[in-house]
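There are 4 protein chains.
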Amino acid sequence: MDEPTWKPVVPFERTFDALYGLEILEAGPEVARARVVVRDELKQPMGLVHGGVLASIAESLTSAATALAVLGEGRMAQGLSNQTSFLRPIMHGTIHAVARRRHRGRTTWVWEVEISDDDGRLCALVRMTIAVRDLPDGRVQAVDQPR
Amino acid sequence: MDEPTWKPVVPFERTFDALYGLEILEAGPEVARARVVVRDELKQPMGLVHGGVLASIAESLTSAATALAVLGEGRMAQGLSNQTSFLRPIMHGTIHAVARRRHRGRTTWVWEVEISDDDGRLCALVRMTIAVRDLPDGRVQAVDQPR
Amino acid sequence: MDEPTWKPVVPFERTFDALYGLEILEAGPEVARARVVVRDELKQPMGLVHGGVLASIAESLTSAATALAVLGEGRMAQGLSNQTSFLRPIMHGTIHAVARRRHRGRTTWVWEVEISDDDGRLCALVRMTIAVRDLPDGRVQAVDQPR
Amino acid sequence: MDEPTWKPVVPFERTFDALYGLEILEAGPEVARARVVVRDELKQPMGLVHGGVLASIAESLTSAATALAVLGEGRMAQGLSNQTSFLRPIMHGTIHAVARRRHRGRTTWVWEVEISDDDGRLCALVRMTIAVRDLPDGRVQAVDQPR
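Protein chains in written order, with this note's numbering: chain A, 1 to 147; chain B, 148 to 294; chain C, 295 to 441; chain D, 442 to 588.
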């Protein structure tokens, strides 16, 4: 069996993504989609969805899509930077995220993620830069460990 | 009583900040500090703290500190952009955040947030731009509602 | 005559845009285009076009397009942030920039700019946030003057 | 002679840095400084220094400082992303830039650059991420060439 096997350190149902309710609908190498149902636990005190939830969705979606694409080559993916611009608040319904890959380099992938509400209005833009590194014998490796 | 009163729409103990365990230690107009204790529910499957948690901490800390400073002037604060660079993974212990205000303008405040681990190593840098807007009769107002 | 008149402080042919050779081809409120012919004076010592040239093109193009759209309302535009990701070097030919407006708010506009080479390859992505402010009697006004 | 020799493709006096007048005062591995004297050719039509000039200064300064530090190891440096926030306009005098290295990883260095005016007022903040790559036989190499 040549397929690399990867065993999660934390089972998905106990991760942060499970905590805030991430549902990945598609995780292809060029387009990825996810959604999260809004509930009070995702809001800040003024009743708006917390900006960190939107940043988290983009982070997970693009990391997962990149990882799925490179794992077969014995490589891993990890977020290098997350640039989120907040355009319009979300207060209820479902958060919809669509990620499009804009760059596939040897060591970094760049994705742009659009986050919208149930009415299709653009609520946030996220540019994610994902580092792609060789997987050292299946062990977890820091993105860019200082020396 | 001239002091503006502000009643949260969602009580703190039901917010996203409560969900991931934010503790704000100091929320001054120039320096603010917070911490979060690491647990599995804040991690991604590889066992590292999810990048979205770090982005969320910076978002809440600087929004809260700005809001506290401007609420007395009848103004409100809301995140405009969050730029997080991930430098080193955090796997256990406590996440420590220190925010320093770098700009106080009429309509935007800019903060830089350092996130470090229990050994004092810098793990992420976040630049937060917070929009400051007039509070319309105490009602929640979108940051920058499209027309 | 209701049309606001705006007299440049520095004539275009002496500006920075003239120095590096910006040609704006289209400056609409939703899409804008520009190009710059590569020459040694735009390069860094290794022979690649300097990243600052790409950032400058996006800055000017989106500022100009926003200004043209809001000047008629007695408002002005000024860059608030410029986030440039460098994907592929440009070494010769012409630099092509296409800007698409993604958000039109009361106080900020957000544009995404794609910069490509003569072969249509994506070389940089720029997210520009432009502040829109009331024009005080036609005088130049700082974006967000600290108090 | 073990010292790597590096011959510029474009001589400094013909580069973009020479065009806008960059003077690097210090280019250490942890702190770097530069300045640029303001003249009309660095301005936009409203009479303010063009934001692209500030982005360019940060780009050159941190690329040069990183390159000097890694060239001895047979490695090269190239800008990966430039995130500039504009805080206060500069209209005359000298532009002063101080860069501080915040992260030194195997494949990326992160710097934060403060840009100020003659009165020491903070006018822009730039976070630069610099990619560090092996130098292939002294030849110029794209940052992250798509496959």
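Ideal Cβ positions, reconstructed from N, Cα and C, are used throughout, including at glycine. Computed from a predicted structure; not experimentally measured.
Excluding five sequence neighbours on each side, which residues of the same chain lie with their C-beta closer than 8 Å to the C-beta of residue i?
i                : result
Glu177 (chain B) : Arg247 and Arg248
Arg369 (chain C) : Val426, Arg427, Asp428 and Leu429
Phe306 (chain C) : Ala312
Arg253 (chain B) : Val279
Val494 (chain D) : Tyr461, Val477, Leu483 and Ile536
Leu269 (chain B) : Leu234, Arg235, Glu261, Ile262 and Ser263
His544 (chain D) : Trp550 and Val551
Val217 (chain B) : Met223, Ala224 and Val279
Can you pull the chain F neighbours of residue i, defined as C-beta to C-beta under 9 Å?
i                : result
Leu528 (chain D) : Note that chain F does not occur in the displayed structure, where the protein chains are A, B, C and D.
Check this for me: beta carbons of residue i and residue j, under 7 Å apart or not?
i                : j                : result
Leu61 (chain A)  : Ala34 (chain A)  : yes
Met91 (chain A)  : Gly21 (chain A)  : no
Asp390 (chain D) : Arg308 (chain C) : No answer is possible for residue 390 (chain D): the residues shown for chain D start at 442 and end at 588.
Thr378 (chain C) : Ala418 (chain C) : yes
Ser63 (chain A)  : Gly79 (chain A)  : yes
Thr402 (chain C) : Ala371 (chain C) : no
Ala473 (chain D) : Glu464 (chain D) : no
How is residue i classed by DSSP in three states: helix, strand or coil?
i                : result
Val525 (chain D) : Per the sequence shown, the amino acid found at residue 525 (chain D) is Thr instead of Val. Of the three classes helix, strand and coil, the one that applies to Thr525 (chain D) here is strand, per DSSP.
Ile90 (chain A)  : coil
Val10 (chain A)  : coil
Val494 (chain D) : helix
Gly79 (chain A)  : strand
Thr456 (chain D) : coil
Glu320 (chain C) : strand
Val332 (chain C) : coil
Leu416 (chain C) : strand
Thr129 (chain A) : strand
Thr107 (chain A) : coil
For residue i, collect the residues of the same chain with a Cβ closer than 7 Å to its Cβ; drop the 5 residues on either side in sequence, then sort them by chain order.
i                : result
Lys190 (chain B) : Val196 and His197
Ile82 (chain A)  : Note that residue 82 (chain A) is Asn in the sequence shown here, rather than Ile. The residues are Ala55, Ala58, Glu59, Val126 and Met128.
Gly28 (chain A)  : Ala65
Asp118 (chain A) : Gly93 and Thr94
Pro339 (chain C) : none
Short of 6 Å in beta carbon distance, which residues of its chain neighbour residue i, apart from the five on each side in sequence? Order them along the chain.
i                : result
Val273 (chain B) : Ala205, Thr231 and Val260
Trp552 (chain D) : Thr503, Ala540, Arg542 and Met569
Measuring only from the beta carbon, is residue i closer than 6 Å to any heavy atom that is part of the ligand MG?
i                : result
Val110 (chain A) : Questions concerning the ligand MG fall outside what the structure shown contains, since it holds no ligand whatsoever.
ask   = According to a CB-to-CB cut-off of less than 7 Å, which residues of the region 263-284 of chain B neighbour chain D?
value = Leu269, Leu272, Arg274 and Thr276
Contacting positions in the region 364-379 of chain C - beta carbon closer than 8 Å to chain A = Gln377 and Ser379
message = Any C-beta of chain D within less than 8 Å: which residues of the region 323-337 of chain C qualify?
response = Asp334, Glu335, Leu336 and Lys337
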